[in-house]
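Have a look at the structure below before the remarks.
Numbering (this note's numbering), first residue to last: 294 to 423.
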């Protein structure tokens with residue numbers, strides 16, 4: 294199992310997972326300490342404090358791996374307010390399960406526009422590790 298460190302943020306009561314490695318055109322912008330979701334080319338200006346591409350949208354966030362139990366089996370649960378508090382106490386940093394993509398198989402690979410990994414989904418939801 295491979296894990297990728299990402300950042301989870303909440304915008305208008307919806308959770309987004311951000312990663313600089315995403316080639317998505319949808320971004321979360323921080324403008325005057327407020328978070329806004331928009332396409333990259335829709336928002337420009339001096340008020341932007343930072344912008345990060347969205348890797349996982351709210352509809353695909355839902356599962357948390359709470360680690361192995363006494364039998365060595367991983368416990369998967371739905372993302373809860375308690376999980377969100379734990380993640381936010383760590384500046385939103387969490388990890389998700391990924392699968393690497395072999396860049397040798399991609400013709401004309403461009404690291405700026407081509408991803409080198411894909412998030413793994415379980416029942417259409419990404420699996421977050423705290």
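Where a beta carbon is used, it is the ideal one built from N, C-alpha and C, also for glycine.
Exercise. Do you know offhand how far residue 338's Cα is from residue 301's?
Worked result: Residue 338 sits at position 45 when you count from the first residue of the chain shown. Residue 301 sits at position 8 when you count from the first residue of the chain shown. Answer to the nearest angstrom: the Cα atoms are 24 Å apart.
Exercise. With a CB to CB cut of under 8 Å and the five nearest residues on each side skipped, what residues in its chain are close to residue 356?
Worked result: One-based indexing of the chain shown puts residue 356 at position 63. So the list reads 369, 370, 371, 372, 415, 416, 418, 419, 420, 421, once near-sequence residues are dropped.
Problem set entry | Start and end residues, alpha helix (DSSP H) containing residue 381 | Position 88 of the chain shown, counted from the first residue, corresponds to residue 381. Counting along the chain, the alpha helix (DSSP H) containing residue 381 begins and ends at 374-382.
Problem set entry | Closest by C-alpha distance to residue 342, when choosing among 413, 390, 321, 354 | The residue labelled residue 342 in the question sits at position 49 within the chain shown. Residue 321 is the option with its Cα nearest to residue 342.
Problem set entry | Per-residue DSSP class, three states only, for residue 392 | To locate residue 392, count along the chain shown from 1; it is residue 99. The answer is strand: DSSP assigns residue 392 an E or B state.
Problem set entry | Helix, strand or coil at residue 364 [DSSP, three-state] | As a first step, residue 364 must be located in the chain shown, where it is residue number 71. It is coil, neither helix nor strand.
Exercise. Who are the Cβ neighbours of residue 294 in its own chain at under 7 Å, not counting the five residues just before and after it?
Worked result: Here residue 294 refers to the residue found at position 1 of the chain shown. 390, listed in sequence order.
For this session: Let me know the secondary structure DSSP gives residue 305 once reduced to three states.
Result: Numbered from its first residue, the chain shown carries residue 305 at position 12. If DSSP states are grouped into helix, strand and coil, residue 305 belongs with coil.
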